[in-house]
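Numbering (the working numbering), first residue to last: 654 to 816. Glycine residues also receive a C-beta, built at the ideal position from the N, C-alpha and C atoms. Owing to the predicted nature of the structure, the values given are computational and were not obtained by experimental measurement. Only one structure is covered here, and it is reproduced in the block below.
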């Protein structure tokens, strides 16, 4: 298991349920270094009006399995909003990106709130091909993998909303 992998939770625990997470839910590994056999996984619980409710949990690797698609329990694909500071991953290998040293699987973040012709400016700060690793990428050629911090609502805050 590695950074940005999609994983499914294999067991139920009370400590997970208190954060809104249950067996069968899928999330994304957001911390790629093992810390005493635990992996940090971010689970999307709900998306309402461009706001994302989620929980990040430290889970033992043996309680997770790697899966292909990020979906809710009902099988619906989780699509996160393209907003400034969201973390994205390249899903296409195209010459216009490889000329700038960016390849399929590279991750970066949206560094400008403007959307021009379905494109966003993405900073690939973990790539050392340029002193200014910012390029324009079509939305169809990438996927948001971690929402913008400004779009996040904590599970505890969200669960109290209707009470």
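By the 10 Å Cβ neighbour count, where 16 or more other Cβ atoms means buried, how is residue i classified, buried or exposed?
i	result
residue 758	exposed
residue 654	exposed
residue 664	exposed
residue 694	buried
residue 794	buried
residue 726	exposed
residue 677	exposed
residue 728	exposed
Could you please give the first and the last residue of the uninterrupted beta strand (DSSP E) stretch that includes residue i?
i	result
residue 670	Note, residue 670: premise wrong, no beta strand (DSSP E); alpha helix (DSSP H) at 667-670.
residue 661	659-662
residue 718	717-720
residue 836	The structure shown has nothing for residue 836, since the chain only spans 654 to 816.
residue 706	704-713
residue 760	760-763
residue 732	From DSSP, residue 732 is part of no beta strand (DSSP E); its letter is neither H nor E.
residue 795	795-799
Start and end of the alpha helix (DSSP H) containing residue i?
i	result
residue 695	Premise fails: residue 695 lies in the beta strand (DSSP E), 691-701, not in any alpha helix (DSSP H).
residue 749	748-751
Beta-carbon separation of residue i and residue j under 8 angstroms?
i	j	result
residue 773	residue 796	no
residue 739	residue 789	no
residue 681	residue 798	yes
residue 761	residue 735	no
residue 660	residue 679	yes
residue 696	residue 732	no
residue 787	residue 741	no
residue 670	residue 710	no
Take every Cβ of the segment 768-780, pair it with every Cβ of the segment 715-726, and state whether three or more of those distances are shorter than 8 angstroms. no
Pairs of beta-carbons, one from the segment 722-729 and one from the segment 745-759, closer than 8 angstroms: are there three or more? no
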